[in-house]
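What follows is one structure encoded as structure tokens, with my remarks underneath.
Numbering (the working numbering), first residue to last: 678 to 896.
Right under this line is the structure:
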């Protein structure tokens, strides 16, 4: 569950019959697959996240950040190490902080509810949403469950868990396991050209966590 999807979900009002029913319907629609991806996610979940992300960007535009891409070619091993550091040290799934040098400027970013192109678009989106996450998520973590470099397929595959407690009146908690495939291109200096994220639960069920009253979960 990327920071973009999560932060957009925070903007859904307090639990109500309408919102819960809509997301429950989406969960049922998506539940035929164990793993959710963008192609398999229905329009309700995509519409909620895309619409709220665009609205928040319009209301609270981020200060434009310069994308710094270093010259020179990375080795696949350097890319692999950098991706692991983004997970473990930067906890980017929550913070949105990634190493620019690992990504092509034209990289395609996709999770089960959003798909867009461009490193600068990533930075603009997370820049506007980061204050919301900082304010509402006092405790969070990212566990890197596995990470493998496949030079034959020119990709890094990671499996992870993100969890956190949301400072909202109904005390929701987020706990999602997912996988990300980072495909790199030697023509782009072995930088990531396709970021593809899936979750091990339906997208509607993941979003339901944000509107479901709950208590702290065991780690």
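Every residue gets a Cβ at the ideal spot worked out from N, C-alpha and C, and that includes glycine.
Member of the options whose CA lies at the smallest distance from the CA of residue i
i: residue 816; options: 777, 771, 801 and 788; result: 771
i: residue 749; options: 865, 871 and 774; result: 865
i: residue 824; options: 889, 891, 890 and 761; result: 761
i: residue 787; options: 777, 779 and 798; result: 798
i: residue 804; options: 774, 814 and 863; result: 774
Close Cβ partners of residue i (< 7 Å) along its chain, the five nearest in sequence each way excluded
i: residue 757; result: 826 and 833
i: residue 859; result: 760, 832, 833, 869 and 872
i: residue 793; result: 786
i: residue 780; result: 796, 868 and 869
For residue i, the first and last residue of its enclosing alpha helix (DSSP H)
i: residue 762; result: 753-765
i: residue 717; result: No alpha helix (DSSP H) holds residue 717; DSSP gives it neither H nor E.
i: residue 799; result: 796-813
i: residue 771; result: 769-772
i: residue 884; result: 880-885
Buried versus exposed, by CB contacts within 10 Å (16 or more), residue i
i: residue 844; result: exposed
i: residue 887; result: buried
i: residue 811; result: exposed
i: residue 885; result: buried
i: residue 766; result: exposed
Cβ shell of residue i (< 8 Å), same chain only, five flanking positions each side left out
i: residue 789; result: 682, 713, 714, 715, 717, 718, 722, 874, 875, 876, 880 and 883
i: residue 828; result: 753
i: residue 837; result: 764, 770, 819, 820, 821, 822, 854, 855, 856 and 857
N- and C-terminal bounds of the beta strand (DSSP E) containing residue i
i: residue 816; result: 816-827
i: residue 841; result: 832-842
i: residue 782; result: 780-787
i: residue 874; result: 868-876
i: residue 855; result: 850-862
Close-in-space but distant-in-sequence residues of the same chain around residue i (CB under 6 Å, 5 per side omitted)
i: residue 835; result: 824 and 857
i: residue 841; result: 814, 817 and 851
i: residue 862; result: 870
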